[in-house]
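Q:
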Amino acid sequence: MIITFPDNKKREYPDGTTSFEIAKSISEGLARIVLAAKVNGEVRDLTRPIQVDSTLELLTWEQPEGKSTFWHSSAHLMAEALEFYYPHIKFWVGPPVENGFYYDVDLGDQTITHEDLGKIETKMRELAQANHQYIRKEIPKPEAIAYFTEKGDEYKLDLLSNLEDGNITFYTQGSFTDLCRGPHIPSTGSIKAIKLLNIAGAYWKGDEKNKQLTRIYGITFPKQKELDEYLAMLEEAKKRDHRKLGKELEIYTFDEDVGPGLPLWLPNGAVLIEQLERLAKATEKKAGYKRVRTPHLAKGTMYLTSGHLPYYEESMFPSMNIEGEKYFLKPMNCPHHHKIFKTLNASYRDLPVRLAEYGTCYRYEQSGELFGLMRVRSLQMNDAHIYCTEEQFAQEFKAVNEMYLKYFRIFGIEKYVMRFSTHSANKLGKKYVNEPELWLKTEAMVRNALIESKIPYIEVPDESAFYGPKIDVQVWSAIGREFTLATNQVDFAVPARFGLTYRAADNTLKTPLCIHRAPLGTHERFIGFLIEHFAGNFPLWLTPSQVIILPISDKFNDYAHDLSQELNNSDIRSLIDERDEKIGKKIRDAELKKIPYMLIVGEKEAETQSVAVRKHGEGDKGAMTKENFKTLIQQEIEKQLNV
RNA sequence: GCCGAUGUAGCUCAGUUGGCCAGAGCUACUGAUUUGUAAUCAGUGGGUCGGGGGUUCGAAUCCCUCCAUCGGCUCCA
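Numbering (the numbering used here), first residue to last: 1368 to 2010.
This is the structure in structure tokens:
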């Protein structure tokens, strides 16, 4: 048979040669590190013979599929160790994930705690060193069913019931056998470094109505050094955590009496929000948006009209009864904006109408969902609604995407994915409004606009809003968590429910399309993200305090005050450290506060009306006149915002 | 909401198997010092040990309950 390698080189081997033998024929070194094989595009065990002409890619730790095979096999290793300590354990599934693997297990009456993880890790090391082979076996389905029926394993029987008839594959390593599609690495010996990370509950099949299983997360590596590096990376990530930095840099806080998920913005945080709003307002003004303002609550009748109440009432704060009428805190701004559009009595000549408001909304997120600033109950959206004709849609939609990309350049956000969510036909009338043709039409419009703008995107079925398709922008925080930062949604349904119309050129009344867009998402999440993204080292235009003046001694405090006033007049945000401390201490504290510029002022500077400039993280920049310093600051800000 | 863990001064953390008035560093305040690029010295203040209840001669420490936070699950208009 002829084997074709990824570089298109071909070699001949006898029929039935295994991938492992092929690896060995190339080099002993490769044979030592190879984990799995991709044969004709399918990832398989190295030990399986190849019978016909095939393409072959040998997978090592460097390939994602190699890694996930390694972790999948590690999950089996953990399962073996678990079964040793908990003989009555039942297993659900144990897949690899982005960083490691987990196994969902049912321990019956027993519980497992963090203290137990150490002994399980030790057992895993022992089993790994024994270098047991992962042995693949095919068994007819009825036999497999009989096996698990006898064992009383309802979980594996459930898995089997979803598998096609025919042969079922099992894998055995050491004393552990599991129903498993595979593939696996050849033997446990290559798992050199093992760390079990945490224990969590997880609903069976991801359904909260089902029983909760115990999920154990772990990670493994072929080398101890790689595990050490991974753990060090986790430590580093913790330092950037917005909850830690947010406290240290005095950006926001929570208070038990105020309530969970209701952040209090400290003065530094308020500056961040103001700067974001300044940027957004200027950007939107240029793009033809008009600003509106609406109240924080509305009658339930409006949310019945919009259709939100039946879908999301349990996620809204419970209603309050006012004069016999139900009122709700607003969970979103759109219905209010629809009401404003209605009063505009717009004709096709007025469209598109773009209404913007950074309205504060309240959502009753489940308590377990709250997470620092990233998931809160009071939130301010960088919100706007664009009402347009079908013909205008593509251009408006593209302009919104352009705006996203401009913001991303300003913030230096390089890793993002546009996620295009569509409906699911079998949930029409339930999760989604029952307008099958409009769904397909608007989805096609969005898809075309994305393709025309050459924006890379992934399409996710059954994830859209109830009123139309949407695009979410996914970004990754420093801690590696994925977040929806921005959102851009098409609404073909709710404007009609509100009876919104415009007078078309042919004198008929038509319903406008509505684009919901929030390029900066919520202020809360965006700032939480920025804290981690910049590790607290905000760009000059954004940072709460741009300059801190450090007088050498209190003799120069007066000069410091004059200087501060002058900077303030030039719209530069400054602080003065007037404490009776030595300059070294003042510098150290200013560095820890991550303030971009320190101005050291003593006798020389006061006499010559100059400043000695020190830049955060860089050090002494030498002396310059006050005027030159102001220009320096203004130019730097200019450069940061015009990218 | 569910599973598991955590909760000591403004912040970061000690507090041995339950046992003298609960400690440290930083911060704050007071005084001395008048300082030139990452920590000057001394003194003082500050805690109903998350809230409530219980066990005990005695509870920060053990038990129950509520609250909040953290790791996940579920959810995210």
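Using N, Cα and C, we set each Cβ at its ideal position, and we do this for glycine too. Source: prediction; values computed, not measured.
Residue 1786 to residue 1798, Cα distance in whole Å?
A: 19 Å
Q: When you measure from the CB of residue 1557 to every non-hydrogen atom of the ligand MN, does any distance come out below 7 Å?
A: Within the structure as shown, the ligand MN is missing, as the structure has no ligands at all.
Q: For the region 1442-1459 against the region 1393-1408, do three or more pairs of beta-carbon atoms, one drawn from each stretch, fall closer than 8 Å, so that the two count as touching?
A: no
Q: Since residue 1737 is in the beta strand (DSSP E), which residue starts that stretch and which ends it?
A: Here residue 1737 belongs to no beta strand (DSSP E), and DSSP marks it neither H nor E.
Q: To which residues of the same chain is residue 1923 closer than 8 Å at the C-beta, ignoring the five residues directly before and after it?
A: Take residue 1923, set aside five residues on each side of it, and the residues of its chain with a beta-carbon closer than 8 Å to its own are 1968, 1969, 1970, 1972, 1973, in chain order.
Q: Given this structure, state the Cα-to-Cα distance separating residue 1956 from residue 1942, to the nearest angstrom.
A: 13 Å
Q: I'd like the ranges of any beta strand (DSSP E) spanning at least 3 consecutive residues and lying wholly in the region 1568-1607.
A: 1579-1588
Q: Report the rounded CA-to-CA distance for residue 1614 versus residue 1637, giving the unit in angstroms.
A: One Cα belongs to residue 1614, the other to residue 1637, and the distance between them is close to 14 Å.
Q: How is residue 1455 classed by DSSP in three states: helix, strand or coil?
A: coil
Q: Could you name the residues of the same chain whose beta carbon sits closer than 7 Å to that of residue 1543, not counting the 5 residues immediately before and after it, in chain order?
A: Answer for residue 1543: 1443, 1446, 1447, 1450, listed in chain order.
Q: Candidates 1807, 1897, 1746, 1382: which alpha carbon is nearest residue 1699's?
A: 1746
Q: By the three-class DSSP mapping on this structure, what secondary structure does residue 1935 have?
A: helix
Q: Could you tell me the distance, in whole angstroms, from the CA atom of residue 1930 to the CA atom of residue 1608?
A: 35 Å
Q: Suppose the cutoff is 6 Å on Cβ atoms and the five residues either side in sequence are ignored; what does the same chain contact list for residue 1582 look like?
A: 1469, 1471, 1567, 1569
Q: Ignoring anything shorter than 3 residues or poking outside the region 1720-1797, list the beta strand (DSSP E) runs there in chain order.
A: 1720-1724, 1727-1729, 1745-1747, 1750-1755, 1783-1788
Q: Run through DSSP, which three-state label would residue 1964 get?
A: If DSSP states are grouped into helix, strand and coil, residue 1964 belongs with the strands.
Q: How about residue 1669 and residue 1702: are their beta carbons less than 8 Å apart?
A: With contacts defined as CB atoms closer than 8 Å, residue 1669 and residue 1702 qualify as a contacting pair.
Q: Helix, strand or coil: how does DSSP classify residue 2005 here?
A: helix
Q: With distances taken from CA atoms, which of 1539, 1415, 1547, 1909 is nearest residue 1523?
A: Nearest option by C-alpha distance: 1547.
Q: Please tell me whether residue 1433 and residue 1610 are closer than 8 Å, where the distance is taken between their beta carbons.
A: Contact flag unset, no.
Q: Report yes if the C-beta distance between residue 1896 and residue 1840 is below 8 Å; otherwise report no.
A: no
Q: Decide if residue 1589 is buried, meaning its Cβ has at least 16 other Cβ atoms within 10 Å, or exposed.
A: buried
Q: Starting from residue 1522, trace the alpha helix (DSSP H) in both directions and tell me its first and last residue.
A: 1521-1528
Q: Which residue wins for smallest C-alpha separation from residue 1530, given the options 1509, 1737, 1554?
A: 1509
Q: Buried or exposed: where does residue 1744 fall if 16 or more other Cβ atoms within 10 Å of its Cβ makes it buried?
A: buried
Q: Just the Cα atoms here: how many angstroms apart are residue 1399 and residue 1502?
A: 18 Å
Q: Within a Cβ cutoff of 6 Å, which residues of the same chain sit near residue 1997, ignoring the five residues on either side of it in sequence?
A: 1937
Q: Look at the alpha carbon of residue 1514 and the alpha carbon of residue 1584, and state the distance between them as a whole number of angstroms.
A: 28 Å
Q: Roughly how many angstroms separate the alpha carbons of residue 1441 and residue 1553, rounded to a whole number?
A: 12 Å
Q: Tell me the rounded alpha-carbon separation between residue 1945 and residue 1606.
A: 29 Å
Q: With a threshold of 16 other CB atoms inside 10 Å of the CB of residue 1656, please say whether the residue is buried or exposed.
A: buried
Q: For residue 1369 versus residue 1420, is the C-beta spacing smaller than 8 Å?
A: yes
Q: With DSSP as the reference, please indicate the residues paired to residue 1883 in a beta bridge.
A: 1752, 1856
Q: Pick from 1389, 1800, 1853: whose alpha carbon is nearest that of residue 1829?
A: 1800
Q: State the CB to CB distance for the pair residue 1940 and residue 1913, rounded to an integer number of angstroms; the pair is presumed to be in contact (CB under 8 Å).
A: That belief holds up - the Cβ atoms of residue 1940 and residue 1913 are roughly 5 Å apart, short of 8 Å.
Q: Just the C-alpha distance for residue 2010 and residue 1778, rounded to the nearest angstrom, thanks.
A: CA-CA distance, residue 2010 to residue 1778, rounds to 10 Å.
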